[in-house]
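Worksheet: the structure to be examined is printed underneath.
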């Protein structure tokens with residue numbers, strides 16, 4: 002599904018990713034962990050196609066296509082979704098307008114008919130349940146005046162609507178209380194399927210109690226320095242990132 | 329002769345040539361006000377960029393043409409009128425061709441008691457004394473030569489008179505079609521809207537072009553609100569590229585009365601608007617809002633002046649502009665708080681969205697406060713589309729153009745969403761959207 006080879010990225014001339022390799026197969030859930038500043042969010046943003054990240058080396062292929070050659074909207078049409086660490090408030094644009102436009106653009110891209118108002122509303126109602134959100138919420142401006150928890154739930158709701166092939170969740174757990182975390186995790190788990198992959202970018206192991214990953218990778222200094230199964234996350238929880246970083250430099 | 333004077337000369341001649349044919353000639357009050365206006369037009373001429381209030385607006389493109397005042401016999405076709413209709417808008421409607429009332433195209437059925445709705449020309453012929461005292465009363469001092477020109481030619485327009493206590497349940501729509509006489513004509517409608525004590529009404533004034541011809545429309549509306557009256561007024565300016573529109577809105581608001589006036593400039597014309605609101609007695613309230621688009625080589629200038637003349641009055645002013653291509657907009661918002669106007673509550677904002685590097689805005693707030701216990705806030709912003717919001721939308725699969733359009737519409741929505749009825753709001757949203765679509769840009 003996704004193959005990242007020797008990816009090198011600079012931001013404002015500063016090297017952030019230094020030869021990152023990662024392969025994500027269909028249906029797999031990968032957790033990317035690492036200390037602050039290790040490049041986790043950079044990885045998420047580069048996959049989504051955000052401006053300001055200069056790729057200086059390596060490649061990213063998605064479904065056999067060169068992802069880096071694609072505009073962000075094309076990536077979305079092909080099934081890439083980024084749940085933002087800081088969802089953007091957009092006064093004057095209703096949630097429902099964003100969803101309708103986004104969903105129908107992807108359908109047009111795939112050569113499918115646009116959803117009519119009735120089918121759209123049916124789909125919306127079904128997905129709202131998944132994240133326990135009320136219908137009135139659809140008519141509010143995107144994220145405007147939302148609490149931190151509501152914003153993150155809205156990201157998961159959008160993901161549920163757009164049904165991506167690859168979802169990248171950038172610190173979706175940060176700032177959530179335990180109830181909101183459970184709702185968010187429930188939403189993600191409900192969407193897990195054989196042909197949908199998930200990358201969880203997180204600082205803490207806590208989220209992984211609720212969304213159990215197939216693989217855990219530790220990112221440090223712009224590279225993946227250790228990979229393992231969910232047990233690795235527990236070790237990290239216990240011993241901290243210092244253990245990896247120290248170990249990394251000792252073996253290097 | 330100065331340039332200002334020589335530019336005015338053809339219009340003075342034209343007025344003198346047809347003065348004897350204007351309605352209500354011989355009615356002393358009107359004779360007097362017309363000749364006074366004519367004299368002022370002669371003395372001041374048409375504005376030049378040396379006038380502080382016209383610093384950023386050149387009328388050279390207007391003075392190149394010698395416009396001829398349209399004749400009262402002008403007509404428009406049913407097709408033009410039908411094409412101008414707003415979908416789902418239920419209104420009483422007066423239609424004007426180059427400023428002259430067209431009764432056969434108007435719809436005044438089922439008007440309740442207590443409303444006089446007519447062409448001003450008719451009333452000037454049949455009952456001039458009932459209106460002459462109001463003509464010019466809301467304007468006060470003549471702001472410039474165009475207002476003087478309009479006042480010298482006063483002959484037709486809309487008369488709306490609502491008796492005390494009457495509340496209208498549907499809007500009154502004034503449709504001004506310009507270009508009906510052909511290339512090079514000038515229309516000079518003069519509208520008078522008076523609301524008696526405690527009455528309520530909604531008025532929509534629309535200016536449209538029925539041809540691509542070069543025309544000048546010099547339209548002036550006076551509004552007088554008695555105590556506790558409430559008026560929703562929306563002026564829609566949606567003319568074609570070669571139209572020049574000089575608009576005047578002059579309002580007097582009495583104690584506890586409320587005026588909500590919105591100007592939506594959504595066409596491709598060259599536009600200059602002067603709005604002046606006087607809050608005359610305790611508790612008067614006015615919202616003066618505007619939404620303007622300036623694309624192509626459009627020029628849109630809004631000069632506003634709100635005067636707090638009495639204590640405890642409230643004014644809210646919000647003008648939002650979207651500029652693209654080589655569009656140029658001007659905003660000058662003057663707020664004067666007179667010495668007696670204690671406890672004034674006033675807010676003004678002008679926000680501009682620039683979609684191209686060649687677009688230009690000149691914005692200037694001007695507060696003059698002569699009272700000491702007042703609350704006045706103002707602010708002006710000029711910005712581009714928020715890149716973070718744009719990325720958020722495209723990351724959801726929305727095409728870049730559509731995302732830009734959504735954000736731009738959202739920007740204008742703050743003003744447009746306050747406009748009623750819903751049919752008018754929908755119509756304006758569609759107009760804005762149409763201007764923003766790639767096909768409309770040049």
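Residue numbers (the numbering used here), protein chains in the order written: chain L, 2 to 253; chain V, 329 to 770. The C-beta atom is built at its ideal place from N, Cα and C for all residues, glycine as well.
Chain C contact for residue i (CB, 9 Å cutoff)
i: residue 42 of chain L; result: Given the protein chain composition of this structure (L and V), no chain C is represented.
Simplified DSSP state of residue i, which is helix, strand or coil
i: residue 678 of chain V; result: strand
i: residue 15 of chain L; result: strand
i: residue 138 of chain L; result: helix
i: residue 697 of chain V; result: strand
i: residue 252 of chain L; result: Note that residue 252 of chain L has pLDDT 39, beneath the 50 cutoff, so the model's placement of it is unreliable and the number below is only indicative. Three-state DSSP puts residue 252 of chain L in a helix.
i: residue 73 of chain L; result: helix
i: residue 770 of chain V; result: Its pLDDT being 42, under 50, residue 770 of chain V is placed unreliably by the model, and the measurement read from it follows with that caveat. Residue 770 of chain V: coil per DSSP, three-state reduction.
i: residue 101 of chain L; result: helix
i: residue 95 of chain L; result: strand
i: residue 357 of chain V; result: helix
i: residue 761 of chain V; result: helix
i: residue 245 of chain L; result: helix
i: residue 756 of chain V; result: helix
i: residue 35 of chain L; result: coil
i: residue 235 of chain L; result: helix
i: residue 451 of chain V; result: helix
i: residue 728 of chain V; result: helix
i: residue 640 of chain V; result: coil
Residue-level contact to chain L via CB, residue i, 9 Å cutoff
i: residue 765 of chain V; result: no
i: residue 696 of chain V; result: no
i: residue 732 of chain V; result: no
i: residue 770 of chain V; result: Model confidence at residue 770 of chain V stands at a pLDDT of 42, short of 50, so the residue's coordinates are unreliable and nothing is read from them.
i: residue 753 of chain V; result: no
Option nearest residue i by Cα separation, candidates the options
i: residue 491 of chain V; options: V/518, V/457, V/506, V/528; result: V/528
i: residue 423 of chain V; options: V/369, V/497, V/504; result: V/504
i: residue 611 of chain V; options: V/550, V/673, V/501, V/691; result: V/673
i: residue 88 of chain L; options: V/717, V/748, V/756, V/734; result: V/717
i: residue 177 of chain L; options: L/190, L/207, L/243; result: L/207
i: residue 180 of chain L; options: L/151, L/6, L/166; result: L/151
i: residue 27 of chain L; options: L/90, L/189, L/196; result: L/196
i: residue 551 of chain V; options: V/530, V/579, V/539, V/543; result: V/579
i: residue 96 of chain L; options: V/751, V/721, V/759; result: V/721
i: residue 62 of chain L; options: L/48, L/236, L/38; result: L/48
i: residue 464 of chain V; options: V/757, V/694, V/601, V/364; result: V/364
i: residue 595 of chain V; options: V/351, V/331, V/396, V/762; result: V/762
Neighbour list for residue i in chain L, Cβ cutoff strictly below 8 Å
i: residue 739 of chain V; result: 93
i: residue 747 of chain V; result: The premise fails here: residue 747 of chain V is roughly 15 Å from chain L at the closest Cβ pair, so nothing lies under 8 Å.
Chain V residues whose Cβ lies nearer than 8 Å to that of residue i
i: residue 52 of chain L; result: 715, 719
i: residue 103 of chain L; result: 721, 724, 725, 726
i: residue 45 of chain L; result: Simply none; closest approach about 11 Å.
i: residue 107 of chain L; result: 725
i: residue 98 of chain L; result: 734
Beta-carbon neighbours of residue i, restricted to chain V and to distances below 9 Å
i: residue 85 of chain L; result: 720, 723
i: residue 78 of chain L; result: 725
Bridge-paired residues (DSSP) for residue i
i: residue 746 of chain V; result: Partner(s): none; residue 746 of chain V has no beta bridge.
i: residue 709 of chain V; result: V/679
i: residue 229 of chain L; result: L/217
i: residue 649 of chain V; result: V/620, V/680
i: residue 171 of chain L; result: L/202
i: residue 224 of chain L; result: L/221
i: residue 562 of chain V; result: V/532, V/590
i: residue 501 of chain V; result: V/421, V/532
i: residue 444 of chain V; result: V/489
i: residue 5 of chain L; result: L/23, L/61
Within-9 Å CB hit, residue i to chain V
i: residue 154 of chain L; result: no
i: residue 82 of chain L; result: yes
i: residue 204 of chain L; result: no
i: residue 118 of chain L; result: no
i: residue 1 of chain L; result: Only positions 2 to 253 of chain L appear in this structure, which leaves residue 1 of chain L out of reach.
i: residue 110 of chain L; result: yes
Proximal residues of chain L, C-beta to C-beta of residue i below 9 Å
i: residue 742 of chain V; result: 92, 93
i: residue 735 of chain V; result: 91, 93, 94
Proximal chain V residues relative to residue i, where beta-carbon distance stays under 7 Å
i: residue 254 of chain L; result: This structure cannot settle anything about residue 254 of chain L, because the visible part of chain L is limited to 2 through 253.
i: residue 73 of chain L; result: 719, 722, 723
Residue i beta carbon near the ligand SAH (any heavy atom closer than 8 Å)
i: residue 705 of chain V; result: Annotation note on the ligand SAH: not contained in the displayed structure, which lists no ligands.
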